[in-house]
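Down below is the structure, laid out as structure tokens.
Protein chains in written order, with our numbering: chain S, 30 to 386; chain H, 30 to 386.
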């Protein structure tokens with residue numbers, strides 16, 4: 030038997046190249062045996078949450094010319110993917126999703142801090158999680174990203190799962206965990222600026238009215254920001270964000286317009302020491318850079334961020350700013366985000382409003 | 030007359046959208062009038078250095094089916110681009126290049142620190158630099174990226190130009206300036222770790238045998254690294270890098286193989302507190318993340334870096350690492366890199382060797 034590797038390398042079934050395999054996320058096929066390596070955890074699955082982009086792609090594939098969707102065919106394709114690859118990964122979008130379940134076995138060398146019976150959500154992607162479906166998804170009609178499911182999944186030594194809290198509805202917790210990297214990293218960065226500044230730290234959150242944005246505004250304030258600025262795309266959202274009190278200033282600007290964004294943040298008390306980009310539209314790099322003070326930091330959480338646009342944009346503008354790739358993982362990020370939601374009724378109301386629609 | 034903006038917005042001739050214009054880099058056409066706004070500088074141009082990717086694209090476009098290249102046609106296209114757009118920007122690659130010239134006028138409000146008569150290289154891209162060619166490129170035969178040129182260019186309030194030193198050949202200085210952002214940012218980050226660590230800081234430079242890589246190794250050591258590790262793709266380059274003494278350890282690994290890179294750096298004394306990625310091949314994100322210690326930093330200088338691969342990779346590996354978009358600009362970066370070259374004969378020999386081939 031292969032020795033276990035914390036990355037899950039030992040479960041990759043692809044042919045090794047150059048004497049080394051690929052990582053589970055890049056692999057074609059994973060070993061789904063239920064027996065655990067010593068550092069693994071097995072979870073009894075209750076529900077899959079498919080990634081939204083992946084579900085939309087599957088839906089398009091199974092839409093007939095008259096616009097009707099073949100939901101049975103869509104379900105069959107999900108079953109086929111998981112049976113073939115040993116994981117749920119849409120080959121078109123590359124994305125997966127997450128799952129909810131209950132811990133049923135913990136290897137003796139696991140460091141994930143989980144116990145048998147814990148109800149958990151996995152915070153690593155389904156694209157790297159060994160998964161077996163045992164009920165042919167009989168309770169799912171192929172409609173929507175929420176997939177009731179019986180089966181099991183395996184977590185590696187180096188993985189992330191968060192225990193679902195008793196005091197919050199599951200969907201609300203999942204909705205928060207989905208974006209919990211943003212407030213955690215925002216808090217860390219703002220805290221570092223606050224610790225070494227004698228003046229108040231100014232934080233601008235682009236997309237401050239959204240899920241990750243509102244949590245980041247709350248995190249910035251808790252981490253010691255002297256002034257928080259929420260940037261939103263139109264007046265309706267500005268009114269809503271102002272009502273929450275989460276930001277000291279709320280301004281309307283198109284984040285794709287560099288000069289517009291710069292001037293709007295400046296008018297609200299900027300430039301920002303820390304700018305946080307939480308809007309999933311391309312072309313926000315230049316504006317975020319210009320809205321940020323010399324020696325400030327831009328944190329990019331949007332997956333629409335272009336690496337080269339950020340790198341060349343800062344150089345072209347002679348901007349001495351630190352630019353961070355928004356890492357979705359920090360230790361304790363899920364618990365921190367849930368605590369923010371509990372502490373800030375306005376954040377909770379915003380999340381509940383989104384779940385209701 | 031429009032008021033000047035440090036970004037050069039006042040020279041954008043595109044129609045304004047939403048009351049705001051685009052930045053010069055994204056603009057279709059720039060105003061090339063020789064009269065300066067108060068914060069501008071005009072440079073008498075001596076030579077253009079076309080971006081390598083741009084030149085290769087132009088060459089392909091002007092290659093006939095028999096393989097012959099129409100260099101006159103290539104030259105005519107460069108003239109046409111500059112005449113039409115008021116800047117040199119290849120619409121296919123989006124890239125430009127840089128230029129060498131002599132300062133001929135300095136606006137009273139310029140903060141670039143330049144004086145009339147200074148021989149300078151512009152370190153912002155030609156894609157955002159107003160440019161007029163006055164000699165129809167008569168001294169250029171269309172071959173190669175080095176373009177002798179008579180004409181003028183304009184630098185904005187927020188721009189970068191470096192005075193060419195007297196003690197180094199121009200081509201050597203340009204070759205160093207081309208990658209000078211990497212050593213400057215490496216030195217800053219390594220210095221921050223060194224200042225707060227009681228143990229020695231370990232730095233791994235992936236692509237340590239190249240231009241930006243060798244400078245980054247020298248910068249890391251100067252900034253206080255306790256151990257430097259150079260990662261190169263094959264034994265031949267390892268032998269050359271070992272001979273320079275720039276790295277404490279030199280290891281061979283394919284940077285696209287995550288486990289291979291992780292294990293190679295670990296065997297050389299890693300994981301690294303700071304990993305610097307200087308190789309221009311896609312797929313190095315996972316390996317760089319795995320080669321880096323908990324709470325370490327990865328600096329991505331490669332333009333082949335994928336933002337989403339870095340963000341999702343770190344999350345999938347539960348890696349608490351800071352990931353930086355390698356900003357090509359830091360104050361004083363050109364002078365710092367030239368000083369490294371002067372101080373390290375091995376770096377200079379490496380650069381001279383590359384120029385000779």
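Backbone N, C-alpha and C define an ideal beta-carbon position, used for all residues, glycine too. Because the structure is a prediction, the values reported are computed rather than measured.
CB-CB under 6 Å to residue 372 (chain S), same chain, minus the five flanking residues each way: which ones, in chain order?
none
In this structure, how does DSSP classify residue 385 (chain S) when only helix, strand and coil are distinguished?
helix
By Cβ distance below 7 Å, which residues in the same chain neighbour residue 312 (chain S) in space, the five residues on each side in sequence not counted?
285
Length of the line joining the Cα atoms of residue 263 (chain H) and residue 364 (chain S):
45 Å
I believe residue 330 (chain S) touches residue 201 (chain S) by the beta-carbon criterion, under 8 Å. Please report the beta-carbon distance rounded to the nearest angstrom.
Actually they do not touch by this definition, with Cβ atoms about 21 Å apart.
Answer yes or no: does any C-beta atom of chain H fall closer than 9 Å to that of residue 88 (chain S)?
no
Neighbourhood of residue 228 (chain H) by C-beta, 8 Å cutoff - its chain only, sequence neighbours within 5 removed:
255
Does chain B have any CB closer than 9 Å to the CB of residue 115 (chain S)?
The question asks about chain B, but that chain is absent: this structure's protein chains are S and H.
Helix or strand or just coil, what does DSSP make of residue 367 (chain S)?
helix
For residue 212 (chain S), which residues does DSSP report across the bridge?
Partner(s): none; residue 212 (chain S) has no beta bridge.
How far does the alpha helix (DSSP H) with residue 250 (chain S) in it reach, from first residue to last?
240-251
May I have a chain-ordered list of the beta strand (DSSP E) segments no shorter than 3 residues that lie completely inside the region 138-193 of chain S?
148-151, 160-162, 175-184 and 190-192
Going by CA-CA distance only, name the one from S:181, S:92 and S:150 that's closest to residue 164 (chain S).
S:181
Under three-state DSSP, which class holds residue 233 (chain H)?
strand
Cutoff 6 Å; reference residue 321 (chain H); Cβ partners in own chain excluding five residues on either side
300, 301, 304, 327 and 350
Simplified DSSP assignment, three categories, for residue 260 (chain S):
strand
Residue 150 (chain H) versus residue 199 (chain H): straight-line alpha-carbon distance, rounded:
9 Å
Below 8 Å CB to CB, which residues in the same chain sit around residue 340 (chain S) once its five sequence neighbours on both sides are set aside?
352
Can you find the residues in the same chain that come closer than 8 Å, C-beta to C-beta, to residue 93 (chain H), ignoring five residues on each side of it along the sequence?
99
On a Cα-Cα basis, can you pick out the residue from H:382, H:370 and H:376 that is closest to residue 196 (chain H)?
H:370
Mind listing which residues of the region 340-364 of chain H have their C-beta closer than 8 Å to chain S's C-betas, in chain order?
340, 341, 342, 343, 344, 345, 346, 347, 348, 349, 350, 351, 352, 353, 354, 355, 356, 357, 358, 359 and 360
Compare the Cα-Cα distances from residue 316 (chain H) to each of S:31, S:55, S:102 and S:44 and report the closest residue.
S:55
For a contact meaning CB atoms closer than 7 Å, what does residue 54 (chain H) contact in chain S?
345
Are any of the Cβ atoms in chain H nearer than 9 Å to that of residue 241 (chain S)?
no
In angstroms with no decimal places, state the Cα-to-Cα distance between residue 242 (chain H) and residue 307 (chain H).
6 Å
Taking the alpha-carbon positions, what's the residue 179 (chain H) to residue 247 (chain H) distance?
37 Å
Is the Cβ of residue 189 (chain H) closer than 9 Å to any Cβ of chain S?
yes
Indicate whether residue 146 (chain S) and residue 156 (chain S) have their beta-carbon atoms separated by less than 9 Å.
no
With DSSP collapsed to three states, give me the class of residue 127 (chain S).
strand
Taking the beta carbon of residue 206 (chain S) as the centre, do at least 16 other beta carbons fall within 10 Å, making it buried, or is it exposed?
buried
Secondary structure at residue 48 (chain H), three-state DSSP: helix, strand or coil?
The pLDDT assigned to residue 48 (chain H) is 47, lower than 50, so where the model puts this residue is not dependable; a value taken from the coordinates is nonetheless given after this. If DSSP states are grouped into helix, strand and coil, residue 48 (chain H) belongs with coil.
Taking residue 184 (chain H) as the query, report the chain S residues whose CB atoms sit under 7 Å from its CB, ordered along the chain.
Chain S residues near residue 184 (chain H): none, gap ~10 Å exceeds 7 Å.
Outcome for residue 30 (chain H) when other beta-carbon atoms lying within 10 angstroms are tallied against a minimum of 16:
exposed
Reference residue 343 (chain S), options S:268, S:314, S:85 and S:333, closest by Cα:
S:314
Could you tell me which chain H residues have their CB closer than 8 Å to the CB of residue 335 (chain S), listed as they occur along the chain?
336
Going by the CB atoms, is the gap between residue 203 (chain S) and residue 78 (chain S) shorter than 9 Å?
yes
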